[in-house]
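Inspection log for the structure reproduced underneath, given as structure tokens.
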Amino acid sequence: MAQRVVVVTGALGGIGSAICSRFAELGDVVVGLDLDDGFDVTDPDACARTTAAVLAEHGRIDVLSNNAGVSAIGDVVTATPADWERVFAVNVFGIAHLGRAVLPSMRSAGRGAIVNTCSVAATVGLVERAVYSASKGAVLSLTRAMAADEVPYGIRVNCVSPGTVSSPWVERLVAATPDPAGTLDAMRRRQPLGRLVSCAEVADAVAYLAADSTFTTGADLLLDGGITGVRLVE
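Quick note: the sequence shown uses my numbering, first residue 39, plus one each step.
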């Protein structure tokens, strides 16, 4: 099946836009969903209605890129209950809501690929990112559990874990600090390769994991510039 139907959440963000563009370049039909367009991944009814509409128009969903995500800054003491509820509602429950809506059609087809956008924060402790890190840890575990559940149906489930991404969201965070230039330099230096990962590189990884020729499921593809696996001794 040369042309696939690909659903991407968080489609208007830096990474999401790059993912949509990458699949479009491959000749796929891309359905981008974003809060700015009125789609709320935290609403299970909206996920069900939107999935039904996509299936009615295109007949199938071959790839689901669960990319929508939000963050929160702070530790366990400063993070509020609202922070926990908001971040988990989008980052974790959103994946579950769309999975519940999309998977029955993929199961009926006996094929499909799901790629969840995770983060290096799932496996590495980062300062002032308690809520976000916990949510991405849940995404990693959920990805592996979903992968195990979907093997009998011929559906592969993987996730991609970037380090710090050169994206509009990161740019806004950096701009809000007292020393933007110093903050950006520190972000670059904490990744052994010495730079931020680009949105296009994340999109390429998502496309790779979604490809029919990729023989993997339950995997976490790291794009972390060596944070988790390399230690430089100076």
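Glycine residues also receive a C-beta, built at the ideal position from the N, C-alpha and C atoms. Because the structure is a prediction, the values reported are computed rather than measured.
{"Item": "DSSP on D258, reduced to helix/strand/coil?", "Value": "strand"}
{"Item": "Apart from the five residues on each side of it in sequence, which residues of its chain come closer than 7 Å, Cβ to Cβ, to F131?", "Value": "T80"}
{"Item": "Can you give me the C-alpha to C-alpha distance between P142 and A84, rounded to a whole angstrom?", "Value": "16 Å"}
{"Item": "Taking the alpha-carbon positions, what's the M144 to D75 distance?", "Value": "25 Å"}
{"Item": "Using CA atoms only, rank isn't needed, just tell me which of I265, I152, T255, L178 is closest to R233.", "Value": "I265"}
{"Item": "Assuming P230 and V198 form a contact by the criterion Cβ under 8 Å, report the distance between their Cβ atoms to the nearest whole angstrom.", "Value": "Not a contact, Cβ separation roughly 19 Å."}
{"Item": "Are the CB atoms of A186 and K174 within a distance shorter than 7 Å?", "Value": "no"}
{"Item": "So, using beta-carbon positions, are V203 and V235 closer together than 7 Å?", "Value": "yes"}
{"Item": "Determine the contact status of V45 and V67, defining contact as a CB-CB distance below 7 Å.", "Value": "no"}
{"Item": "L211 to G148, Cα distance in whole Å?", "Value": "42 Å"}
{"Item": "With DSSP run on the structure shown, which of helix, strand or coil describes N129?", "Value": "helix"}
{"Item": "Could you check how far apart the C-beta atoms of I152 and V92 are, in whole angstroms? I think they sit under 8 Å.", "Value": "The pair is not a contact, with the Cβ atoms about 15 Å apart (cut-off 8 Å)."}
{"Item": "So, is A214 buried or exposed, given that buried needs 16 or more other C-beta atoms within 10 angstroms?", "Value": "exposed"}
{"Item": "Could you name the residues of the same chain whose beta carbon sits closer than 6 Å to that of G256, not counting the 5 residues immediately before and after it, in chain order?", "Value": "R182, A185"}
{"Item": "If D121 sits next to A110, beta carbons under 8 Å apart, how far is it from one beta carbon to the other, in whole angstroms?", "Value": "4 Å"}
{"Item": "Taking Cβ positions, are L261 and A243 nearer each other than 7 Å?", "Value": "yes"}
{"Item": "Closest by CA to T254, which one among G48, A139, T155, G192?", "Value": "G192"}
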